[in-house]
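Residues in the sequence shown are numbered consecutively from 44, following our numbering.
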Amino acid sequence: MKLGLLGAGAVGAVHAQAAAALPTVNVAAVSSRSLSEAEAVAEPHGARVYSDYREMFDSDLDAVVISTPHSLHTQMVLDAAQAGLQVLLEKPMATTVADCDLMIEACEAAGVALAVGHIQHFLPEKVAAYDAVRSGWIGAPRLVHDLRSTDYRPGTRPEWFFDREVAGGGAVMNIGSHCIDRSSWLAGALVERIEAASTASRFGVGVETDATALLTMTNGLRASITVTSTPPRLVDQVTVVGDEGTIVADSRRGTLMRVGDTEQTLHERSEGDIPAAFRNQLAAFVEFVDHGTPFPVSTALSRTVVAAVHAIYEAADTGRPVTVPMRQHSGALS
């Protein structure tokens, strides 16, 4: 697969490293508004460099990975579909549900693959938790609790993250989308309803920096998510409580399970966890394109994540529960 990378920031560089680890993938081109950033990512792979992604799309490519500011996703995907290129798109899928639908429809009409890179589905500690839940080791899941920290102080990230028009929101759109995604995945159902939502904007950045919400899934299971900025201790932890036991997946500690009086380590954290996740995600994308193997994350889930983010904003603003809009014939969770 001759791969083009659109976006040469930190995530683009990780995608390039993932491609280098797969013998069937070649990073052929890199596009960025910053030529110096593009050159830094492209040079180890001998890839061509472009400042205009449309010129890159006209070159000899099979597929593209898009990891650019959120509001740019839609037009880039539409242009890629028109060029006949397969697409792996970074999360969140878009800044609006309408744009998600535009991309889905354009790729379907062009006959090209569209996969959204929700990396949680490939992180080893989350995969261990998912496999244990699906194996029935803790019995029927009853609730999910997701707690994630971030840092939304000025200067901690590129300025576009603090521009609501470009980013689509603040910590909920950027970090909360991970929580919504993995809570849905572990619960085995899409989000249907949002209630008890609250957001806070601190540090004078103009977007929300903290949030909490209660999610109800289509199968009736409930999940609570909390995103908090600059706590005393960094945390990235999701807990699944079942009839017979509990699983905790923590990116900094690994995955633990307790059933009765027995505790078990399902995954021990490793420095290689994140590179492995991106490598496995790209490998799944190649299988999706080359052999039609279903990608582990459906566009129905990716779209619903964006819809749930906006439902959290509405519920926080109004103080009332909000039903998450579903796309007709939206498909399954995965």
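Backbone N, C-alpha and C fix where the C-beta goes; we use that ideal spot for every residue, glycine too.
A quick note: this is a predicted structure, and the numbers were derived from the prediction, not measured.
In three-state DSSP terms, what is residue i?
i      : result
His378 : Any question about residue 378 goes unanswered here, given that the chain covers just 44 to 377.
Ser373 : Bear in mind that a pLDDT of 48 at Ser373, under 50, signals an unreliable position, so the number given afterwards is only what the model happens to contain. Looking at Ser373 - three-state DSSP - the assignment turns out to be coil, as it is neither helix nor strand.
Thr361 : helix
Gly219 : helix
Pro184 : strand
Ala240 : strand
Val54  : helix
Ala90  : coil
Ala62  : helix
Thr278 : For clarity, residue 278 is Val in the given sequence; the question names Thr instead. The answer is coil: DSSP assigns Val278 none of H, G, I, E or B.
Asp224 : helix
Ser178 : coil
Val284 : strand
Val70  : strand
Leu48  : strand
Arg207 : helix
Is residue j closer than 9 Å to residue i when the C-beta atoms are compared?
i      : j      : result
Ile317 : Asp189 : no
Phe321 : Ala61  : yes
Ser272 : Arg245 : yes
Ser378 : Glu208 : Only positions 44 to 377 of the chain appear in the structure, and residue 378 is not among them; the question remains open.
Pro184 : Ala230 : yes
Met260 : Val234 : yes
Ala153 : Ala106 : no
Ala51  : Ala83  : yes
Throw me the rounded Cβ distance for the residue i and residue j pair, which I believe falls under 8 Å.
i      : j      : result
Trp228 : His164 : 6 Å
Leu264 : Val176 : About 11 Å; that fails the 8 Å criterion.
Met99  : Gly47  : 5 Å
Ile181 : Gly288 : 4 Å
Leu78  : Ser102 : Contact doesn't hold; Cβ gap of about 16 Å is too wide.
Ala214 : Thr252 : 5 Å
Val329 : Thr67  : 6 Å
Val250 : Phe205 : 6 Å
Three CB pairs or more closer than 8 Å across the segment 164 to 175 and the segment 284 to 298: yes
In chain order, each beta strand (DSSP E) run of at least 3 residues that lies wholly inside the segment 93 to 167: 106 to 109, 129 to 133 and 157 to 160
Three CB pairs or more closer than 8 Å across the segment 355 to 366 and the segment 237 to 246: yes
Entirely enclosed alpha helix (DSSP H) segments - the segment 303 to 365, minimum 4 residues: 316 to 334 and 342 to 361
Inter-stretch contact at 8 Å, needing at least 3 Cβ pairs: the segment 50 to 64 / the segment 73 to 87: yes
Any 3 or more C-beta pairs closer than 8 Å across the segment 151 to 160 and the segment 297 to 306: no
Meets three-Cβ-pair contact criterion under 8 Å: the segment 136 to 148 and the segment 339 to 356: yes
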